[in-house]
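Asks: Take a look at the following structure, please.
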Amino acid sequence: MQKSLKIGLTSVFAALHAVLYLLSFGVWRNWAIYLEPLEGIILGPEAGLYAALIGSVAGRIMRPPDPASWIYGVIAEPLGVLVCAFLARGKWKSVLPVYTIMLASYFAHPFGRWFPLWTVLDSLAAFVLIYPVAKIGGWVLKGNVKRMSLSLVLISFVGIATDALTRVFLFVPAGLSLMFTSSPAIAYEIFVAGAVGSYIEDVLVVIVSFIVGIPLLVALRKIPVSLFSESDQSLP
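Numbers 18 to 253, taken from the numbering used here, label the letters of the sequence shown in order.
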């Protein structure tokens with residue numbers, strides 16, 4: 018991808034990320050999460066990370082949330098985009114350590130052994146899918162429409178599960194549960210309620226990615242200048 022085109026697309030996606038956050042009105046977390054898979058797939062690791070980080074920060078500056086949402090959003094959203102970018106380029110080795118560290122930290126924590134296992138089943142499923150999804154991740158960039166659809170759905174699922182797992186990591190092992198709640202019992206209730214919403218978000222993100230992403234990616238392929246070059250290698 019040409020440098021000028023990459024800068025332009027990064028700016029566009031950063032603006033979209035911020036706008037979607039600002040337009041959110043209580044349908045689960047915020048609408049910017051629906052953009053994460055496409056940010057990573059189209060922009061690549063470096064530009065996708067920058068777009069999500071700039072967009073999430075800008076949106077929260079314009080409409081400040083509570084302190085916890087600040088921390089969750091500016092870390093979880095860029096990381097979800099980064100994982101989608103890596104998987105679309107077959108880089109499972111860059112994703113696996115992230116999951117291993119966060120899951121191991123969660124289950125090593127007393128809360129991780131106390132909270133119900135079903136609350137993190139999507140993250141565990143995503144962990145299992147990292148390698149196979151990375152192996153077919155390239156289909157989303159150059160496969161036929163059927164292969165593209167399968168790859169996009171799976172990348173979107175692992176990407177949104179990464180977003181959720183990052184929030185879990187921040188809430189439990191990183192200690193935000195103790196910082197922003199008054200007791201373990203309240204932390205338990207918040208976590209369980211959040212897990213229910215997270216599963217619904219998983220489904221919504223996959224559906225939105227499928228409906229919006231397939232026609233968008235097919236259209237972008239017709240542009241003479243390649244958006245999906247292998248030049249996005251600045252990150253490991």
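Heads up, the beta-carbon is just placed ideally off N, CA and C, and yes, glycines get one too.
Every value quoted in this text rests on a predicted model; they were computed, and no experiment measured them.
Short of 6 angstroms in beta carbon distance, which residues of its chain neighbour SER200, apart from the five on each side in sequence? Order them along the chain.
Replies: none
Asks: Using three-state DSSP, classify ILE240 as helix, strand or coil.
Replies: coil
Asks: Looking at C-alpha atoms only, which residue of PHE174, ILE24 and ILE50 is the closest neighbour of ALA35?
Replies: ILE50
Asks: Grouping DSSP H, G and I as helix and E and B as strand, with all else coil, what is PHE42?
Replies: coil
Asks: When you compare only the Cα positions, how much space is there between VAL112 and PHE103?
Replies: Cα-Cα distance, rounded: 7 angstroms.
Asks: Closer than 7 angstroms by C-beta to HIS126: which residues in its own chain qualify, once you throw out the five before and the five after it? Chain order, please.
Replies: Closer than 7 angstroms at Cβ, skipping near neighbours: VAL189 and PRO190.
Asks: Alpha carbon to alpha carbon, how far is ALA151 from ALA105? Give it in angstroms, no decimals.
Replies: 6 angstroms
Asks: For the alpha helix (DSSP H) holding ALA143, just list the boundary residues, first then last.
Replies: Run containing ALA143: 138 to 153, per the alpha helix (DSSP H) assignment.
Asks: On the DSSP letters alone, give me the boundaries of the alpha helix (DSSP H) that LYS108 sits inside.
Replies: First-last for LYS108: undefined, no H or E at that position.
Asks: Under the three-state reduction of DSSP, which class applies to ALA191: helix, strand or coil?
Replies: coil
Asks: Could you work out which residue in LEU99, VAL209, THR117 and ALA69 is closest to PRO133 when comparing CA atoms only?
Replies: VAL209
Asks: Is the distance from the Cβ of PRO54 to the Cβ of GLY176 below 9 angstroms?
Replies: yes
Asks: Consult DSSP for SER173 and reduce its assignment to one of helix, strand or coil.
Replies: helix
Asks: Taking the alpha carbon of ALA143 as the point to measure from, which residue in ARG164, PHE128, GLY129 and ALA181 has its own alpha carbon closest?
Replies: Closest by alpha carbon: ALA181.
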